[in-house]
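This report concerns only the one structure given below.
2 protein chains.
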Amino acid sequence: MKVPKYYLVKREIQRLIADLPVGAALPTERELAELLETSRTTVRQAISELVVNGRLERTQGSGTFVAQPKLMQLRPLTSFSQDLAAEGWRPGSKVLEIDVVEADEELAGHLQLTPGAPVHRVTRLRTQEDEPIALEVAHIPGPLPDLAEEMAARGSLYRTLAEAFQIDLDAVEDIVETTLADPETANLLGIEVGLPLLLVHRTAWDADGRPVEWTRSLFRGDRFRFVARQRLRDTEHPASAAADRP
Amino acid sequence: MKVPKYYLVKREIQRLIADLPVGAALPTERELAELLETSRTTVRQAISELVVNGRLERTQGSGTFVAQPKLMQLRPLTSFSQDLAAEGWRPGSKVLEIDVVEADEELAGHLQLTPGAPVHRVTRLRTQEDEPIALEVAHIPGPLPDLAEEMAARGSLYRTLAEAFQIDLDAVEDIVETTLADPETANLLGIEVGLPLLLVHRTAWDADGRPVEWTRSLFRGDRFRFVARQRLRDTEHPASAAADRP
DNA sequence: ATTGCAGATTGGCATAGACCAATTCGTGCC
DNA sequence: GGCACGAATTGGTCTATGCCAATCTGCAAT
Chain A
114 MKVPKYYLVK REIQRLIADL PVGAALPTER ELAELLETSR TTVRQAISEL VVNGRLERTQ
174 GSGTFVAQPK LMQLRPLTSF SQDLAAEGWR PGSKVLEIDV VEADEELAGH LQLTPGAPVH
234 RVTRLRTQED EPIALEVAHI PGPLPDLAEE MAARGSLYRT LAEAFQIDLD AVEDIVETTL
294 ADPETANLLG IEVGLPLLLV HRTAWDADGR PVEWTRSLFR GDRFRFVARQ RLRDTEHPAS
354 AAADRP
Chain B
114 MKVPKYYLVK REIQRLIADL PVGAALPTER ELAELLETSR TTVRQAISEL VVNGRLERTQ
174 GSGTFVAQPK LMQLRPLTSF SQDLAAEGWR PGSKVLEIDV VEADEELAGH LQLTPGAPVH
234 RVTRLRTQED EPIALEVAHI PGPLPDLAEE MAARGSLYRT LAEAFQIDLD AVEDIVETTL
294 ADPETANLLG IEVGLPLLLV HRTAWDADGR PVEWTRSLFR GDRFRFVARQ RLRDTEHPAS
354 AAADRP
């Protein structure tokens with residue numbers, strides 16, 4: 114099998130950084146090109162893949178550095194804050210905007226509304242140790258008086274829905290796929306344009322089966338894992354009541 | 114905000130292909146470079162992102178074409194075949210290898226074994242309409258006599274475990290993250306090196322809480338969505354027995 | 001000691017061009 | 001008509017180079 118040169122260069126660089134601690138600086142691109150007897154373009158292509166994989170971090174004017182390994186995890190059925198707090202992280206959240214928009218075709222479909230119906234929109238930047246890791250846009254239908262104030266008082270969106278508006282979620286569905294960072298998203302998340310992201314669409318229903326939330330989240334692909342854990346409902350033998358998994 | 118030129122080119126190309134049907138050919142890279150008054154390198158960078166997003170497909174010697182949109186979905190709790198069949202797809206599976214290996218540190222940890230313990234390994238290529246979409250390596254501990262023959266007779270791994278070895282799954286956990294295709298994987302999946310993949314680690318437990326399967330799957334990021342659907346166990350009010358979601 | 005500015009350093013973007021590899025297509029042969 | 005082969009076409013890789021933008025460094029002024 115033919116392996117392109119930039120891929121060999123990538124492996125060389127991986128060897129170079131294998132023993133380096135987080136934060137260590139790589140040689141400059143121009144030095145690497147000379148050292149590995151190739152062009153700077155090829156070196157950049159190799160480094161780009163390592164950046165995408167989350168192994169390296171580039172800063173214009175400064176250099177290229179060994180990055181933190183991928184660590185965070187998110188379970189789909191609880192809230193962002195609970196998820197990360199349970200893992201021992203320090204999650205934060207910054208509300209960028211709270212407004213009301215008219216549902217377009219797609220949004221109306223997901224929330225079972227007629228297009229044009231008013232929907233509350235909450236745009237938030239999720240952070241971890243003050244580093245942005247996700248951009249989240251939640252859409253909630255129905256009257257929610259003083260949503261901004263209620264949220265400001267509580268912080269958590271789910272807690273606000275439950276305590277201030279008696280909206281309790283009964284089921285959620287997450288759809289996860291990959292996408293690429295466009296300039297605007299890259300800017301907000303402080304990452305490079307073109308980095309792979311995990312695009313998560315979440316729909317939540319109440320006990321009556323009515324959709325109460327439709328959210329579009331973009332997570333850094335190099336910093337996030339998505340965890341889905343499920344008990345299998347044994348439709349044939351409704352016996353199993355064993356302890357939860359270790 | 115500064116938007117690089119290749120990104121503008123990308124948008125131009127997106128406009129160009131907006132009305133084209135699947136399979137339609139783009140102008141050649143050299144033509145696009147001239148048309149959009151830029152270099153071929155810049156055009157290639159723009160096209161590369163559209164390829165990664167699954168909007169375009171490149172074939173050396175032939176051209177660049179509009180690709181099938183992302184469509185498939187997979188729920189985490191049933192088998193690959195059931196998942197796709199339920200969505201109306203025609204899934205296939207090709208067993209590449211069935212053998213027994215010694216568990217390394219990581220594998221032993223996931224399956225609660227001692228390193229060096231023998232583990233069955235089933236390597237499969239999952240296909241859809243004869244197109245490879247995922248590479249799956251399953252590890253199952255314990256004695257499984259004539260596993261290869263039993264599987265050949267049934268096709269499905271989960272059915273084989275249940276019917277031939279009385280191994281019934283009770284809970285599963287999927288961990289989803291992004292990664293990039295290395296040359297070997299890219300070769301098997303028939304995609305380009307460097308394309309983003311969804312890397313899914315699945316662990317399955319039986320009713321006694323013993324891990325019975327640990328699987329590493331690589332899905333084409335441009336062809337796959339991952340769906341996790343959950344009922345929220347209402348720990349406070351164990352009442353909810355409403356109909357499943359619409 | 002602190003601040004401010006200028007220059008050097010480093011990554012980011014874009015160009016032009018060469019050659020390779022896979023595919024396609026036309027031509028001519030059978 | 002069908003097949004084989006070679007040329008043309010098209011994407012794949014790599015080089016060399018220039019300039020821009022962000023950052024860092026060090027010196028000078030305060």
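Protein chains in written order, with our numbering: chain A, 114 to 359; chain B, 114 to 359.
Just so it is clear, CB atoms sit at the ideal spot from N, CA and C, and this is done for glycine as well.
DSSP places Ser161(A) within a helical segment (H, G or I) once states are collapsed to three. Residues of chain A whose Cβ lies closer than 9 Å to the Cβ of Ala216(B) do not exist, since the nearest Cβ in that chain is about 18 Å away. For Leu311(A), the chain B residues whose C-beta falls within less than 7 Å of its own C-beta are Thr291, listed in chain order. Counting C-beta pairs with one atom in each stretch, the segment 140-155 of chain A and the segment 305-314 of chain A have fewer than three that are closer than 8 Å, which means they do not touch.
Judged by pairs of C-beta atoms under 8 Å, the segment 280-296 of chain B does not touch the segment 218-227 of chain B, as fewer than three such pairs exist. Pairing Arg315(A) with Ile288(A) gives a Cβ-Cβ distance under 9 Å.
The Cβ of Ala137(B) sits no closer than 9 Å to any Cβ of chain A. Under the Cβ distance rule, Arg338(A) counts among the residues neighbouring chain B, one pair being separated by less than 9 Å.
Among the residues facing chain A, Glu326(B) is not included, as its CB has no counterpart in that chain under 9 Å away. Using a Cβ-Cβ cut-off of 9 Å, Gly307(A) counts as an interface residue toward chain B, since at least one Cβ of chain B sits closer than that to its own. According to the DSSP assignment, Ile130(A) belongs to the alpha helix (DSSP H) that extends over Lys118 to Ile130. Gly334(B) belongs to the set of residues whose beta carbon lies under 9 Å from a beta carbon in chain A. For Ala317(B), the uninterrupted beta strand (DSSP E) run begins and ends at Pro309 to Trp318, by DSSP. Annotation: the continuous alpha helix (DSSP H) that includes Ala221(A) extends over Glu218 to Leu224. Non-local C-beta neighbours of Ala277(B) in its own chain, meaning closer than 6 Å and more than five positions away in sequence, comprise Glu263, ordered along the chain.
The Cβ neighbour count for Leu331(B), taken over all protein chains shown within 10 Å, is at least 16; the residue is labelled buried. Rounded to whole angstroms, Ile253(A) and Asp321(A) show a C-alpha spacing of 16 Å. Listed along chain B are Phe339, Val340, Ala341, Arg342 and Gln343, each with a C-beta nearer than 9 Å to that of Asp287(A). Among the residues of the segment 240-254 of chain A, none has a Cβ less than 7 Å away from any Cβ of chain B.
When the five nearest sequence neighbours on each side are left out, the beta carbons in the same chain lying within less than 8 Å of the beta carbon of Ile246(A) are those of Met185, Arg239, Thr240, Leu302, Phe332, Arg333, Arg336 and Phe337, in order along the chain. Inclusion of Ala159(B) and Lys115(B) in the CB contact set at 9 Å is not warranted, their separation being larger than that value.
By alpha-carbon distance to Arg267(B), the top candidate from Gly205(B), Ile304(B) and Asp295(B) is Gly205(B).
Contact between Leu293(B) and Val165(A) is confirmed by a C-beta separation of about 6 Å, below the 8 Å threshold. In this structure Ala265(B) is exposed. Its beta-carbon is surrounded by fewer than 16 other beta-carbon atoms within 10 angstroms. With contacts defined as CB atoms closer than 9 Å, Tyr119(A) and Pro296(B) fail to qualify as a contacting pair. Residue pairing of Ile253(A) in beta bridges, as defined by DSSP: His233(A). Cβ contact annotation for Leu260(A) (same chain, cutoff 7 Å, sequence separation greater than five): Ile211 and His233, in chain order. Neighbours of Tyr120(A) in chain B, taken as residues whose beta carbon is under 9 Å from its own, are Asp295, Pro296, Val306 and Gly307 in chain order. For Val213(A), no chain B residue has a Cβ inside 9 Å of its Cβ, as the nearest lies near 25 Å away. Against chain B, the CB of Val116(A) has a partner CB under 9 Å away; the residue lies at that interface.
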